[in-house]
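These protein sequence lines are chains A and B, in that order. For what it's worth, my numbering labels the leading residue of the first sequence as 9, then goes sequentially. For what it's worth, my numbering labels the leading residue of the second sequence as -9, then goes sequentially.
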Amino acid sequence: MGVIASLFEELLTILKTFLTAIPYLAAYIGFILVTLLIWQRVKRSFAPKRDFASLKTITFGDESAVKSNFAASVISIIAVFVSWGAFTGSSTIPSFLHMPEAFVGKTNFTYTAQSVAGIRDDASVYVIVHGAGVNVILPEVDDGQGFAKNDVMAVKAYRTKLLKWDVNDEETREIGAKIVAINGQPIAFGTDVDLGDIKVALTQKGTLNIKPDKGIQMEPIWLPAPEDVWGRLKEISTEGFKNYTLLEHLGFSLFRVVIGFIFGALVGIPLGYAMGLSDWFRGWFDPVVEFMRPVPPLALIPLVIIWAGIGEVGKTILLFLAALWIMAIAARAGVSGVRISKVHAAYSLGASKWQVMRHVILPNSLPEIFTGARVAMGVCWGTVVAAELVAAEKGAGMMIMVASKFQQTDIVILGIILIGIIGFGIDMLMRWAERVLVPWKGRG
Amino acid sequence: MSGLAIDKISMRFDLPDRSSVRALQDVSLDLKAGELMSVLGPSGCGKTTLLNIIAGFLAPTKGEIRLKGEKVTGPSAERGMVFQQGALFEWMNVRDNVSFGPKMKGIKSSETKEKVDHLLDIVGLQDFKEKAIYELSGGMQQRVALARCLANDPDVILMDEPLGALDALTREKMQSLVLKLWKETGKTIILITHSVEEALLLGERLIVMAPRPGRIHKEYSLPFADLGIEADLREIKKYADYAVKREEILEMIWNMEEDIMGRTEVEG
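Structure (C-alpha cells):
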C-alpha cells in the first residue's frame, strides 16, 4: 500500500509540473498557428498556386498533400535561437526582444527602526547588485542622523543576502529595536516590500533579506547566451578541454563508433546470413539474438567496464555489442526476404549455389542491411556518448560530463549541439550511401 | 528421344493435420521438340506443381521427367523458366539481367553482347538496354524475362502465368510476342495460364487438368497458334471454331469449380 501511495504522490507532482507547462505550450502552439496564418496570407498574395495540388479539394487526410514546409522549418529554427537569445539577453538579437533581465546596479532604500522606547528613526541602505565574477569595493557612507545608522551592501544578481541592519546601530535587536517600515511602507515580520529593482523582506528574526529582481531571463549558469557558447566553441577548438582539443574529443567518439560498428557488421552480417540460410544456425542463435536484442546496450556498460575497463577496448566491445544484434537481425531479414521466384529463376538459368548466394541473395539483402546499418550507427552514437558519460578520458560524452561537474554549462550545451549535429550527419551520410549503393531499395 | 517425357508423375504429401494431399496422380505426357503446349485448369488442380516438377524445383513421389532421355533431378539451364513477375534482378540493368545465364556459365559479357542485343531487339527493348528494372513497365519487365530465358538457349521454356499480371492490351501484344518467339526459336514451350482465351491461342496442344487429385482431364489439338503467327490474334478470336472451343472449355472448368464448391460445402 505504501508503494502505491508514494507512487500516487509522485504522479501528482508530475501532473502539477505538467500543468504549469500548459500555458507555455499553448502559447507556443498559438505562435505556430499565427505564423501559419501569416504565411498563408503572404503566399496567397505573392504567388497564387496553379499546380495540380492546388486543385485538390481534399487535402485534409490526403497524405500525399503533406510535405515538410521549408519555410516552417526555417521559422522554427529561428524561433529557437531567438527565444534562446531573448531569455539569455544575447547581444546577437536586438535588445527590444530581450526578456526582462535581472537587476544589476545601484539602488537604495530607507528603513524605519523603532526602539523599545517607541522612538523611530530612519536610515538609508545603499545596495549594489553586481554580476558574477565582479569584485565590488564597498564605498564609505556616513552614518547619518539618529540612532539608526546608514548601511551599504553588495548582492550578487540572482542571489539574496541578509542585512543585519542593527550591527552599526545604537539601538539593536537584542535590546528590542525592530524595523517597522521600508521606504515609509509599514512592514510586519515574515512579509516583504517590493521596491521594483529589489524586494526587501523582514525575516522572523528581524533581519532584512535583500532580494534583487531576477527578471525572467535565465542565469548564465543555467543557460548561457548563444554567443557565449560560440565563444566557447572557438576557445576549446583552439585551446582544447581537459588535455584534448575539441576535434580530438569528437574524433575519438566517432572513431569508437566506426570501429565498433565495423566489427559488429563484420560478425553480425555473416551471423545473420547463417541464420537466414540454415535452420540449424537459426535455431542455435535465435535464443541468443532474441534475448540480447531487447537488452539496451547502456545496460551493458557496467559489465563491460568491469571486464575491460574504461579504455578503448571496453568502448569498442560495447559498441560492437550494440551493432552486432541489429546487423545480424537486418541480415537475417534481408536473406529471408528474398522472393523464391528470384532464387528459382537463378537456378533455372544455371547458377550454382555459390552463384545464387553471390548474385541473388547478397544483393537482395543489401537494402535491409543498409536500413540496419543506419539504425546501428544511430544506436552506436547514442551508446558511445552514454558510455563516455560514465567513464572516459576523452570523448564528446566525457567533455559534457566533466563540464557539468564544473558548472560550465556553455560547454555542456555546446557538446549537446555538436553531438546532435554529428548524429544527424551520420544519418544523412547513411541515407546518401543507401541512395547511391542500393537504388533499387523498395522498388522490387 | 529429343523431347520431354512426363512419365506417370504422382505427387502426394502430408499436411500437419496428418491428412495428405494428392496434388498429382499419374500424369503422363510426351512433348516433341518445338511443341507449344498450354495447360489450363481450376485453381488447385496441380498445374503449377507439375511445372515446378518439370523445372526440378520439386521432386515427384512417383514417376519421372526425362528430357532428351535424361532424368530430371533438379533445376538446370536446359529448362528455362518465366515467372509471373518479380523474378528479375533489380540490382542489375536490363542487359545484365538478360546476360545472367551465360555469365553463370562463365561466358564473358563481350562474347554475349551481340546475342543479348539481338534478343532485346526482338522483344522490342532496344532503347532500354541500360535501364534499371524498376524503371520499366510491367509488360516491359516480362519482355526482359522472356529475353533472359532465351539468352540461355534452353531446350524447354516453362512459363508460369507469365502474362497474368498484365493489363488486357499489353497482354494481347505479349501473346503475339510469345508466338513470334516460339516460331523464331523453335523452342518447346509449356505455358500455364488461367485464361481460356490465352490457352487456346498459345497452345498447339491444350491440356485441361482436373483437381483432387490433379490429373489430365482432356487434351486438345488446336490450329490457332499456327494461324496466329500470320493472322491477327483478334481475328482468330472471331472464328466460329474458336468460339465453340472456348465455350466448351469454359463450361468444363466451370463445372469443375462448381463441383469443388459443392463438395466443400458438404464437407463443411
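Just so you know, even glycine gets a beta-carbon here, dropped at the ideal spot from N, CA and C.
CB contact below 8 angstroms: residue i versus chain A
i, result
"B/Lys95", "yes"
"B/Phe73", "yes"
"B/Glu80", "yes"
"B/Asn142", "yes"
"B/Ala67", "yes"
"B/Met(-9)", "Below a pLDDT of 50, predicted positions are generally treated as unreliable, and B/Met(-9), at 47, falls in that range; the measurement from the model is reported next regardless. So no, B/Met(-9) is outside the interface."
"B/Gly129", "no"
"B/Ala45", "yes"
"B/Ala77", "yes"
"B/Ala13", "no"
"B/Ala49", "no"
"B/Gly258", "Bear in mind that a pLDDT of 39 at B/Gly258, under 50, signals an unreliable position, so the number given afterwards is only what the model happens to contain. No, no contact with chain A."
"B/Gly91", "yes"
Close-in-space but distant-in-sequence residues of the same chain around residue i (CB under 6 angstroms, 5 per side omitted)
i, result
"A/Leu203", "Phe117"
"A/Val374", "Val is not the amino acid found at residue 374 of chain A; the sequence shown has Leu there. So the list reads Val446, once near-sequence residues are dropped."
"A/Asp129", "Ala121, Gly154, Phe155, Ala156"
"A/Ala330", "Pro305, Val387, Cys388, Thr391"
"A/Gly184", "Val124"
"A/Gly280", "Ala336, Ala339, Arg340"
"B/Ala(-5)", "Asp20, Arg56"
"A/Glu109", "Gly97, Gly223, Gln225"
"B/Gly46", "Val62, Gly64, Pro65"
Between the CA atoms of residue j and residue i - distance to the nearest angstrom
i, j, result
"A/Gly390", "A/Leu327", "10 angstroms"
"A/Phe378", "A/Glu442", "6 angstroms"
"B/Phe73", "B/Ala137", "13 angstroms"
"B/Met27", "B/Ala221", "19 angstroms"
"A/Leu171", "A/Ser91", "36 angstroms"
"A/Ser72", "A/Ile348", "33 angstroms"
"A/Gln212", "A/Ala121", "15 angstroms"
"A/Arg181", "A/Trp230", "38 angstroms"
"B/Ile239", "B/Val186", "7 angstroms"
"A/Gln225", "A/Ser132", "30 angstroms"
"A/Leu33", "B/Leu126", "50 angstroms"
"A/Glu396", "A/Leu422", "16 angstroms"
"A/Ser344", "A/Leu285", "8 angstroms"
"B/Lys173", "B/Gly24", "9 angstroms"
"B/Thr63", "B/Leu48", "9 angstroms"
"B/Met130", "B/Trp81", "17 angstroms"
"A/Glu227", "A/Val188", "33 angstroms"
"A/Ala87", "A/Glu243", "27 angstroms"
"A/Phe68", "A/Phe54", "24 angstroms"
"A/Leu45", "A/Phe39", "10 angstroms"
"A/Thr199", "A/Lys24", "26 angstroms"
"B/Leu41", "B/Gly59", "18 angstroms"
"B/Glu225", "B/Leu217", "10 angstroms"
"B/Met149", "B/Thr178", "11 angstroms"
"A/Asp59", "A/Thr65", "13 angstroms"
Sequence-distant residues of its chain with Cβ nearer than 7 angstroms to residue i (five each side left out)
i, result
"A/Val163", "Val135, Val137, Lys169, Ile218, Pro220"
"A/Val297", "Trp333, Ala336, Ile337"
"B/Gly114", "Arg133"
"B/Cys35", "Met199, Ala200, Pro201, Gly204"
"A/Val364", "Val351, Ala354, Tyr355"
"A/Gly259", "none"
Beta carbon proximity, residue i to chain B, threshold 8 angstroms
i, result
"A/Ala339", "no"
"A/Tyr281", "no"
"A/Ala353", "yes"
"A/Pro447", "yes"
"A/Ser349", "yes"
"A/Ser344", "no"
"A/Arg451", "yes"
Cut-off 8 angstroms between Cβ atoms - residues of its own chain near residue i, not counting five sequence neighbours on either side
i, result
"B/Glu209", "Arg195, Leu196, Ile197, Val198"
"A/Thr324", "Arg264, Ile267, Gly268, Phe271"
"A/Ser439", "According to the sequence as given, residue 439 of chain A is Arg; it is not Ser. Contacts found: Arg382."
"A/Val368", "Val346, Lys350, Val351, Ala354, Ala359"
### Task
Can you check the stretch 15 to 94 of chain B for any alpha helix (DSSP H) of at least 4 residues that lies completely inside it and give the ranges in chain order?
37 to 45, 84 to 88, 90 to 94
Exercise. Got a sec: which bits of the stretch 359 to 392 of chain A sit with their beta carbon under 8 angstroms from any beta carbon on chain B, in order along the chain?
Worked result: Ala359, Ser360, Gln363, His367, Val368, Pro371, Asn372, Leu374
| query | Quick one: complete alpha helix (DSSP H) runs, 4+ long, within the stretch 191 to 247 of chain A? | reply | 234 to 246
Task: Sequence ranges, alpha helix (DSSP H) only - wholly within the stretch 299 to 331 of chain A, length at least 4 - done: 309 to 316
Which residues of the stretch 283 to 295 of chain A have a Cβ closer than 8 angstroms to any Cβ of chain B? Give them in chain order.
none
task: Residues of the stretch 218 to 243 of chain B with a CB closer than 7 angstroms to any CB of chain A: list them in chain order, please.
output: none
(message) List, from N- to C-terminal side, the alpha helix (DSSP H) runs of 4 residues or more that fit wholly inside the stretch 326 to 385 of chain A.
(response) 348 to 356, 361 to 364
Of the residues that make up the stretch 149 to 183 of chain B, which ones have a beta carbon closer than 8 angstroms to any beta carbon in chain A? none
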